[in-house]
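Undergrad: For the record, in the sequence shown the residue sitting at position 136 is 136 according to full-length UniProt numbering, with numbers rising by one throughout.
Provided herewith is a single structure, encoded as structure tokens, for subsequent inquiry.
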Amino acid sequence: MILERNNFVDIKQITNDLKGSPFEGQVENLKELAQLYQLRHSGVNEIGTKLENLDDEYSMNYDHNPIHHMEERMKSVRSLAGKVVKKGLSMDLDTIRKNIQDIGGIRVITNYIDDVYRVESALTQQSDVTLLKRKDYIKNPKPSGYRSLHLVVSVPVFQSNGVFDVPVEVQLRTIGMDMWASLEHKLRYKTNVPKEKVDEHAGNLKEYAGELYNIETKMQAIFEDLQG
1 MILERNNFVD
11 IKQITNDLKG
21 SPFEGQVENL
31 KELAQLYQLR
41 HSGVNEIGTK
51 LENLDDEYSM
61 NYDHNPIHHM
71 EERMKSVRSL
81 AGKVVKKGLS
91 MDLDTIRKNI
101 QDIGGIRVIT
111 NYIDDVYRVE
121 SALTQQSDVT
131 LLKRKDYIKN
141 PKPSGYRSLH
151 LVVSVPVFQS
161 NGVFDVPVEV
171 QLRTIGMDMW
181 ASLEHKLRYK
191 TNVPKEKVDE
201 HAGNLKEYAG
211 ELYNIETKMQ
221 AIFEDLQG
């Protein structure tokens, strides 16, 4: 089941999001930017359908469904502008098309660690899905302790004016990793917390990330033993 977030972007929203941003007034063709978002959103829909089909198949044909739930998201234009600045790119639509691949994405939450790789394999082995990029932060966690498997895949999207290969970001992680990431995100973006307290909690979270991973590994072992 996909828990879709209502964040599709239209021209009015793009105009509002650009107000006060470094690129206010610099995007000449807002309609083209909206069309880019529509195309990326269609790519998310295509990958979402594939994952929902897998979800249905696992539920019907197997004793264990590795997918707990899924979430769709579209990057806000303000977040997109921030990423363009961070990468040192221009707010040129051709540049954005070529260099920003995570405008649209899906997060897949699994029950166990091995389920992450099971879903990855089932998705990327499909003939019309092309793997563009893969970063395994589960086996190689970030310095903060963050764990997740990040994929960028492309999928053909059929429009009235042709077929387009559209990139979609897919994040896969366990329930425990998702809980940790949500708390760590809140810590980084809650601006009214004193820095010393942020540093203290960040250190604790890094320690807990390792403990949580060990616990999830042990729980997976119990599950596998029960499966026989």
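Glycine residues also receive a C-beta, built at the ideal position from the N, C-alpha and C atoms.
1. Assign V108 to one of two classes, buried (16 or more other C-beta atoms within 10 Å of its C-beta) or exposed (fewer than that).
2. Look at the alpha carbon of V163 and the alpha carbon of L89, and state the distance between them as a whole number of angstroms.
3. Just checking T174 against the ligand HEM - is the residue's beta carbon closer than 7 Å to any of the ligand's heavy atoms?
4. When the Cα atoms are used, what is the spatial distance from V77 to T49?
5. Would you list the residues sitting across from K133 in a DSSP beta bridge?
6. For G210, does the three-state DSSP call read helix, strand or coil?
7. Around the Cβ of H41, are there at least 16 other Cβ atoms within 10 angstroms (buried) or fewer (exposed)?
8. Less than 8 Å between the CB atoms is what I'm expecting for N111 and I175, so what's the real figure, rounded?
9. Between A202, A34, D55 and I14, which lies nearest to R118 when the distance is taken from Cα to Cα?
10. At which residues does the beta strand (DSSP E) containing L89 begin and terminate?
11. In whole angstroms, what is the alpha-carbon distance linking I222 and A81?
12. Below 8 Å between beta carbons: does that hold for S148 and R173?
13. Count the CB pairs spanning the stretch 131-151 and the stretch 200-213 that are closer than 8 Å, and state whether there are at least three.
14. Give me the Cα-Cα distance between H225 and D63, rounded to the nearest whole angstrom.
15. Go to R40, then tell me how far its alpha helix (DSSP H) extends in each direction, as first and last residue.
16. Please report the distance separating the alpha-carbon of H201 from that of V193.
17. Note down, in chain order, each residue of its chain lying with its Cβ closer than 6 Å to the Cβ of H150, except the 5 sequence neighbours on either side.
18. Let me check understanding here. Comparing Cα to Cα, which of V155, G105 and K19 lies closest to residue 229?
19. What does L172 pair with, by DSSP beta-bridge criteria?
20. Who pairs with I67 in a beta bridge, going by DSSP?
21. Determine the DSSP secondary structure at G228, reduced to helix, strand or coil.
TA: Based on what the coordinates show:
1. It counts as buried.
2. The straight-line gap from Cα to Cα measures roughly 27 Å.
3. Of ligands this structure carries none, so the ligand HEM is not represented either.
4. Taking the straight line joining both Cα atoms gives about 25 Å.
5. Answer is V152, bridged to K133.
6. Helix at G210.
7. Counting the other Cβ atoms within 10 Å of the Cβ of H41 gives 16 or more, which makes it buried.
8. Rounded, the Cβ-Cβ distance is 7 Å, consistent with contact.
9. Among A202, A34, D55 and I14, the Cα nearest to that of R118 is on D55.
10. No residue range can be given for L89, since it is assigned to no beta strand (DSSP E) and is classified by DSSP as neither H nor E.
11. C-alpha separation (whole angstroms): 46 Å.
12. Going by C-beta atoms, S148 is nearer than 8 Å to R173.
13. When Cβ pairs closer than 8 Å are counted between the two stretches, the stretch 131-151 is seen to touch the stretch 200-213, the count reaching three or more.
14. Residue identity check: residue 225 is Asp in the sequence provided, not His. If you draw a straight line from the Cα of D225 to the Cα of D63, it comes to about 14 Å.
15. If you look at R40, you'll find it in the alpha helix (DSSP H) that goes L30 to N61.
16. When rounded, the distance between both Cα atoms is 11 Å.
17. Hits under 6 Å: K135 and Q171.
18. With the chain represented from 1 up to 228, any question about residue 229 goes unanswered, as that position is not in the structure.
19. V108 and L149.
20. Paired residues: T110.
21. Three-state DSSP puts G228 in coil, outside helix and strand.
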